[in-house]
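The listed protein sequences correspond, in order, to chains A and B.
Taking the UniProt record's numbering, the leading residue of the first sequence gets 1, the next gets one more, and so forth.
Taking the UniProt record's numbering, the leading residue of the second sequence gets 1, the next gets one more, and so forth.
Number of protein chains: 2
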Amino acid sequence: MAELDDIIHQPLRLKIMAALNSLPATAAGLEFSRLKKLTGATDGNLGAHIETLAKAGYVSVEKAFVGKKPQTTVTATAAGRGAFARHVATLQEIIAGRQG
Amino acid sequence: MAELDDIIHQPLRLKIMAALNSLPATAAGLEFSRLKKLTGATDGNLGAHIETLAKAGYVSVEKAFVGKKPQTTVTATAAGRGAFARHVATLQEIIAGRQG
DNA sequence: CAGAGAACTCTATAATACAGAGTACTCTCC
DNA sequence: GGAGAGTACTCTGTATTATAGAGTTCTCTG
């Protein structure tokens, strides 16, 4: 049976990747605060999971200042989009109950 | 954002539930050894996860003797089928990136 | 200066997952 | 009858992880 990607499988990270993936590849990404609202995660938790994804090379993180406030923007990398697509395909295979 | 079912989300348990769910509701279920082959899990691991699913009321476990060998058959309960269906729906919602 | 907002890092706890060893019972083969 | 294998565990130990929450740094506003 096909193997799931542990990095992506975690619920919060799955949500993050899905949210980023739903954007066109040319889009800028999502800001920290937007992801926080979408996922309902706490600051610390979200930051930790973004780091896990970044370490895996699935997202890139850009820090900038908007006005004088810090703003972190998270974008899915090509590798991240690929891994997400494969993960979803694997999920669908499992869900369909293809046995073998 | 919708919440995933922790019991079902674990990869091995997801595979078990998917395999059981792919059978018609009238079917007898799957034997321990068949599930072991399908999932690639070890005996102990598989037993433990079946117990977790059974405790949650998602599967029922029947022990019988076939010839003189013990045979354990695992069947999805109505609750289990419902929870699995909801879980899959939630997954699909997340994957589709519906934001909000 | 006090307070608030952004985006953390760090710490501590609690829950898992998983492998592997060991157990109990039964069958087959010599 | 004894050795070895198969089924389906239970138990133990380790290692990873998730998560909350506290504390930190910087900046702006009143």
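The C-beta atom is built at its ideal place from N, Cα and C for all residues, glycine as well.
Within 10 angstroms of the Cβ of K55/B, are there 16 or more other Cβ atoms? Answer buried if so, exposed if not.
Under a 10 Å Cβ-count criterion, K55/B is classified as exposed, with fewer than 16 other Cβ atoms of the shown protein chains found around its own Cβ.
Is the CB-CB distance between F40/B and Y58/B below 9 Å?
The sequence shown places Gly at residue 40/B, rather than the Phe named in the question. A distance of 9 Å or more separates the beta carbons of G40/B and Y58/B.
Where are the beta strand (DSSP E) runs, 3 residues long or more, that stay fully inside the UniProt domain "Winged helix DNA-binding" (12-95) of chain B, in chain order?
As far as the UniProt domain "Winged helix DNA-binding" (12-95) of chain B is concerned, its whole beta strand (DSSP E) runs of at least 3 residues are 59-66 and 69-76.
Distance check for V66/B and T90/A, CA to CA, integer angstroms please.
A straight-line Cα-Cα distance of about 35 Å links T90/A and V66/B.
Under 7 Å between beta-carbons, which chain A residues line up against I95/B? List them in chain order, please.
Among the residues of chain A, those whose CB is under 7 Å from the CB of I95/B are A18 and V88, following chain order.
I need the straight-line Cα distance from R34/A to N21/A, nearest angstrom please.
Using only the alpha carbons, I get a separation of about 14 Å.
From the beta carbon of P11/B, is the nearest beta carbon of chain A less than 9 Å away?
Judged by the 9 Å Cβ criterion, P11/B is in contact with chain A.
Establish whether the CB of D6/B and some CB of chain A are separated by less than 9 Å.
For D6/B, a Cβ of chain A is located within less than 9 Å of the residue's own Cβ.
Going by alpha carbons, who is nearest to K69/A out of H87/A, G82/A, K36/A and F32/A?
When each option's Cα is compared against that of K69/A, the closest is F32/A.
Check whether the Cβ atoms of P11/A and L4/B lie closer than 9 Å to each other.
Between P11/A and L4/B, the gap from beta carbon to beta carbon is short of 9 Å.
Does any CB atom of chain B fall closer than 9 Å to the CB of K15/A?
With 9 Å as the cut-off, K15/A counts as an interface residue toward chain B.
Apart from the five residues on each side of it in sequence, which residues of its chain come closer than 7 Å, Cβ to Cβ, to A96/B?
There are no such residues.
What is the DSSP secondary structure of D6/B, reduced to helix, strand or coil?
Three-state result, D6/B: helix.
Residues of chain A with a CB under 9 Å from the CB of N45/B: which are they?
Those within 9 Å of N45/B in chain A number zero; the least Cβ separation is about 14 Å.
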